[in-house]
Amino acid sequence: MKTKIPIAEPLLGVEELNNVIEAVKSGWVSSKGKFIPEFEEEFAQYCGIRHGVATSSGTAALHLALTALGIGKDDEVIVPTLTFIATANAVRYTGAKPVFVDSHPDYWCIDPEKIEEAITPKTKAIIPVHLYGHPCDMGIIIDITRRHSLYVIEDAAEAHGAKHKGKKVGSFGDISCFSFYGNKIITTGEGGMCLTNDEELAERIRILRDHGMNPNKKYWHDVIGFNYRMTNLQAAVGVAQLHKLDEFISRKREIAQIYSSLLKDIAGIILPREMPWAKHVYWMYSILIEDNFREGRDELIEKLGANGIETRPLFYPVHSMPPYRNNQRFTVAEQLSRKGLSLPSSVTLRQKDIEYIVQQILFH
Ligand SMILES: *Cc1c(COP(=O)(O)O)cnc(C)c1O
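By the numbering used here, the letter at position 342 of the sequence shown is numbered 521, and the numbering carries on one by one without gaps.
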């Protein structure tokens, strides 16, 4: 095994290190300190939104968003079945029920045509997930939610900087949620953020993040909250990462272009698409391995692994896993999950790494 190419690795540098040193020297290592408001303000501004509330994870951000909107027992929340499990789990944490919707076959996010049939009198909100870096069709989704008076919580954990018709994801929902986990487009190690234009909602999220403590009366708790705070150490890394976000996105788009030019017109391989209204940020560069390809997807994963190339299958549809299993079928998501393969997608990939990966896929 000559090479070892990970599916994703972060790119951290001197600026991150210097910020962390500054945070350590300042003594502000928990959830006070200058980097937290700096990260919140700069990230919110990057997305064109007024308020940012940094959290301990993307999952915490989703849980806070749902709780702040008053969603709980007896409510239903529409989510795509093809997503990372945290989207559905956050709904469950509140006591509400996730109601699943199938994927669009071309760009894999929630299929807007199938949303309305999932709406019931109990539906309170929808969580569109900008999957693998491709935006959802927010125009149609916002239109549906206005007609049915539903809240929109964007799960933008995989799509920092992606755009729908020129407008950044994270700027469409009542609240939007991001993750800064180690394999996301930018990272704080663990971390997340809620964005909203609504000042009252932002304040409610801040209070819920800090044990439900009354901001004007120490140790007085009006509601049951959580400890979902981000630390100043994490925010120190986040501020530095944010300055590189546009560069990372350009590189991810270049990597996607190189993969696609090398893999195009190969029988049995379907390339990821970027819809005409979309700017895809390719958090992961993911392809589909059709049944007429030389070998099955799982064999290919194993073979690439043996050659030092780490790949991943797409997510399993949430409705197919034990905590959520029911007898519904979502054939598009099921097919995508069975055929999908994410290739190494780090911004640190070099041209020759990509050529090696493609060569291993095609000519082994
Ligand atoms: C990563 C991710 C999350 C959760 O973020 P964490 O920071 O890992 O808690 C939520 N939704 C999606 C779609 C994700 O990819």
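Note that CB positions come from ideal geometry on N, CA and C, so glycine has one too. None of these values were measured; they are calculated from a predicted model.
| query | result |
| --- | --- |
| For a test of your reading of the model: does the CB of residue 407 fall under 7 angstroms from any non-hydrogen atom of ligand 3? Yes or no. | In the structure shown, ligand 3 is absent; the only ligands present are ligand 1. |
| Can you give me the Cβ contacts of residue 415 inside the same chain, cut-off strictly under 6 angstroms, excluding the 5 residues immediately before and after it? | 198, 199, 202 and 214 |
| Could you please give the first and the last residue of the uninterrupted alpha helix (DSSP H) stretch that includes residue 537? | 530-542 |
| Tell me the rounded alpha-carbon separation between residue 293 and residue 255. | 16 angstroms |
| Indicate the three-state DSSP secondary structure (helix, strand or coil) for residue 406 in the structure shown. | strand |
| Using only CA atoms, which one of 411, 386, 412 and 409 lies nearest to residue 401? | 386 |
| Quick check for students: name the residue ranges of the beta strand (DSSP E) that lie wholly in the segment 453-497, counting only runs of 3 or more. | 464-468 |
| Along the chain, where does the beta strand (DSSP E) that runs through residue 234 open and close? | 230-234 |
| Within the present structure, is the beta-carbon of residue 237 separated from the nearest heavy atom of ligand 1 by less than 7 angstroms? | yes |
| Pick helix, strand or coil for residue 389, following the three-state DSSP scheme. | strand |
| Keeping to the same chain, check which residues put their C-beta closer than 7 angstroms to that of residue 352; ignore five residues upstream and five downstream. | 331, 332 and 333 |
| Could you pull out every unbroken alpha helix (DSSP H) segment of at least 4 residues lying fully inside the segment 304-355, listed in chain order? | 317-327 |
| Ignore the nearest five residues each way along the sequence and tell me which others in residue 180's own chain have a CB closer than 8 angstroms to its CB. | Low confidence applies to residue 180: its pLDDT is 48, below 50, so where it sits in the model is not reliable, and the reading given next is rough at best. 485, 486 and 487, listed in sequence order. |
| In three-state terms, what does DSSP make of residue 428? | helix |
| For residue 371 versus residue 239, is the C-beta distance shorter than 8 angstroms? | yes |
| Can you round the beta-carbon distance between residue 242 and residue 269 to whole angstroms, since I take them to be within the 8 angstroms contact cut? | 5 angstroms |
| Are the beta-carbon atoms belonging to residue 494 and residue 261 less than 8 angstroms from one another? | yes |
| Out of 250, 469 and 227, which one is the CA nearest neighbour of residue 273? | 250 |
| On a Cα-Cα basis, can you pick out the residue from 281, 525, 282 and 258 that is closest to residue 271? | 258 |
| Run through the DSSP bridge pairs and tell me what residue 371 is partnered with. | 234 and 358 |
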